[in-house]
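Q:
In the numbering used here, the protein residues as written are 139 to 252.
1. Hey, how far is the Cα of residue 159 from the Cα of residue 177?
2. Buried or exposed, going by whether 16 or more other CB atoms sit within 10 Å of the CB of residue 153?
3. Any chance the segment 184–198 sits against the segment 164–175, with 3 or more Cβ pairs inside 8 angstroms?
4. Is any heavy atom in the ligand PLP found nearer than 6 angstroms to the beta carbon of residue 206?
5. Have a look at residue 156 and residue 230 and give me their C-alpha separation to the nearest angstrom.
6. Look up residue 237 in the DSSP assignment and say whether it is helix, strand or coil.
7. Could you please give the first and the last residue of the uninterrupted beta strand (DSSP E) stretch that includes residue 211?
8. If contacts are defined as beta-carbon pairs under 8 angstroms, then residue 172 and residue 234 qualify, I think. What distance do you get, rounded to the angstrom?
9. Determine the extent of the alpha helix (DSSP H) in which residue 154 is found, giving its start and end residues.
10. Can you tell me whether DSSP reads residue 181 as helix, strand or coil?
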């Protein structure tokens with residue numbers, strides 16, 4: 139028995155708003171990779187860059203600033219010489235773990251299918 143409900147144009151549009159919001163925050167080649175790199179704890183800038191590979195310092199800096207603005211990560215500057223800066227996921231950023239696990243599972247299925 140099909141349990142899907144037919145939605146009108148207005149209801150469909152309302153359902154798409156949070157999806158569009160999420161895609162706006164997570165879109166691009168690098169953001170999910172940065173989140174995955176920070177999954178197991180704090181990392182410095184160069185550690186993130188090495189773990190991801192192929193990202194320029196300028197792009198990584200831009201992405202980290204955007205992610206900080208969206209409260210996905212926190213940047214901590216320690217009083218040291220030379221300066222030490224670490225990045226880590228916020229509790230809000232950690233809520234993306236389920237989404238990433240779902241994407242990973244779907245990616246495995248898709249990879250086998252094609």
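Even for Gly, the Cβ is constructed at its ideal location relative to N, Cα and C.
A: In this structure, then:
1. About 22 angstroms.
2. exposed
3. A contact is defined here as three or more CB-CB pairs under 8 angstroms, and the segment 184–198 meets this definition with respect to the segment 164–175.
4. Looking for the ligand PLP in the displayed structure turns up nothing, as the structure carries no ligands at all.
5. 16 angstroms
6. helix
7. Element bounds for residue 211: 211–216.
8. Cβ-Cβ separation between residue 172 and residue 234: approximately 11 angstroms, too far for a contact (criterion under 8 angstroms).
9. 147–164
10. Under the three-state reduction of DSSP output, residue 181 falls in the strand class.
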